[in-house]
Amino acid sequence: MSKRAVLEVIALDVEDAVAAQAGGADRLELVTDMAADGLTPAVATVTGIRAAVDIPVRVMLRLTDGFAAGAVERLVAAACEMREAGAAEFVLGFLDTDGQVDLAAVERVAAELEGCRWTFHRAIDHAADRDALRKQLADLPGLDTYLTAGSAAGVDEGLPVLLTEAARRGEHGYGQHLLVGGGLRLDHVPALLDAGVDAFHIGGAARPGGWTTPVSADAVARWRTVLGEQGPQ
């Protein structure tokens, strides 16, 4: 039997979260400072959103712009703080200066997230070798999703890569869900669904008025309608 495709929406605050859930979002990615492409939010925001909605929330663990881990112990402290506030799902991803996965940093933070599910975010789209990255991370506990556009330039450029990776589902390094996001448009969806992609991520598309305006429940509902209750086989 086919299943419902997951729709994840970026939320910056409680207002966003409530609107996203009202529009049919299945999950939230909680961040702050989209000028830096999304950083770790305040604890009070996490607490407020958890009280306001009952859909899963994945909290960003990223303290500075770019994909360097920076001070890993600060990331670990942030992870602890978020877990104490009730966060149970997370988003992270770190590269070194050569574009290789910063395995030490990822493993250190992931160890702090024992028992939690987490997404490796679009750092994969900036990696020197995304296949190697996937294989290095293949067996990390809790990693169940890659947020990717298939290319640093967005889904328009990355669609062939996404379709290829979807076809490799089940191979070593390809067991995680593909969560497609990054310049994603509604017209990309049919080909992705046909390829078996079962998760979609929107940010700006949920805000017709731009990032200075809140999430629109109506915009989210349009995505929910296109994705339907029935997703890929």
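Just so you know, we're using numbering that gives the first Met the number 0 here: the sequence shown kicks off at 0 and counts up by one. C-beta atoms are modelled at their ideal positions from N, C-alpha and C, and glycine is treated no differently.
Nearest-angstrom beta carbon gap, residue j and residue i [assumed within contact, 8 Å]
i, j, result
"residue 71", "residue 107", "5 Å"
"residue 57", "residue 29", "7 Å"
"residue 96", "residue 61", "Residue 96 to residue 61, Cβ: 17 Å. No contact."
"residue 149", "residue 141", "Their Cβ separation, rounded to whole angstroms, is 23 Å, which puts residue 149 and residue 141 out of contact at 8 Å."
"residue 10", "residue 48", "7 Å"
"residue 179", "residue 198", "7 Å"
"residue 162", "residue 118", "Not quite, the Cβ-Cβ distance comes to about 20 Å (not below 8 Å), so this is no contact."
Same chain, Cβ closer than 7 Å to residue i, neighbours up to 5 away in sequence not counted
i, result
"residue 135", "100, 102"
"residue 66", "92, 93, 94, 122, 125"
"residue 75", "107, 108, 111"
"residue 8", "19, 24, 27, 201, 205, 214, 219"
"residue 165", "177, 194, 195, 196"
"residue 127", "97, 98, 99"
"residue 132", "100, 123, 126"
"residue 182", "148, 153, 154, 155"
"residue 73", "62"
"residue 116", "88, 141, 143"
Residues bridged to residue i (per DSSP)
i, result
"residue 147", "179"
"residue 29", "10, 58"
"residue 48", "Residue 48 pairs with nothing; no bridge assigned."
"residue 237", "Here the chain covers residues 0 to 232 and nothing more, so residue 237 does not appear."
"residue 165", "Bridge partners of residue 165: none, in fact."
"residue 139", "DSSP output for residue 139 lists no bridge partner at all."
"residue 5", "198"
"residue 100", "94"
"residue 38", "31"
Spatial neighbours of residue i in its chain, beta-carbon cut-off 6 Å, leaving aside the 5 residues before and after
i, result
"residue 185", "225"
"residue 59", "30, 37, 39, 90"
"residue 22", "216, 219, 220"
"residue 235", "Past the edges of the chain, shown from 0 to 232, lies residue 235, and the structure says nothing about it."
"residue 160", "149"
"residue 85", "49"
The ligand GDP heavy atom lying under 7 Å from the CB of residue i
i, result
"residue 162", "As far as ligands go, the structure on display features none, and thus does not contain the ligand GDP."
Beta-carbon proximity list for residue i, same chain, < 8 Å, skipping 5 on both sides
i, result
"residue 51", "13, 16, 17"
"residue 80", "42"
"residue 32", "38"
"residue 174", "137, 168"
"residue 77", "39, 60, 62"
> For the region 103-133, which segments carrying the beta strand (DSSP E) assignment without a break, of at least 3 residues, lie completely within its bounds, in sequence order?
Replying inline: Every unbroken stretch of the beta strand (DSSP E) spanning 3 or more residues and falling wholly within the region 103-133 is given here in chain order: 116-119.
> Would you say the region 209-216 touches the region 181-199, given that touching needs at least three Cβ pairs under 8 Å?
Replying inline: No, the region 209-216 is not in contact with the region 181-199.
> Do the region 35-53 and the region 213-222 touch if we need at least three Cβ pairs shorter than 8 Å?
Replying inline: Inter-segment contact for the region 35-53 and the region 213-222 is absent: fewer than three beta-carbon pairs are separated by less than 8 Å.
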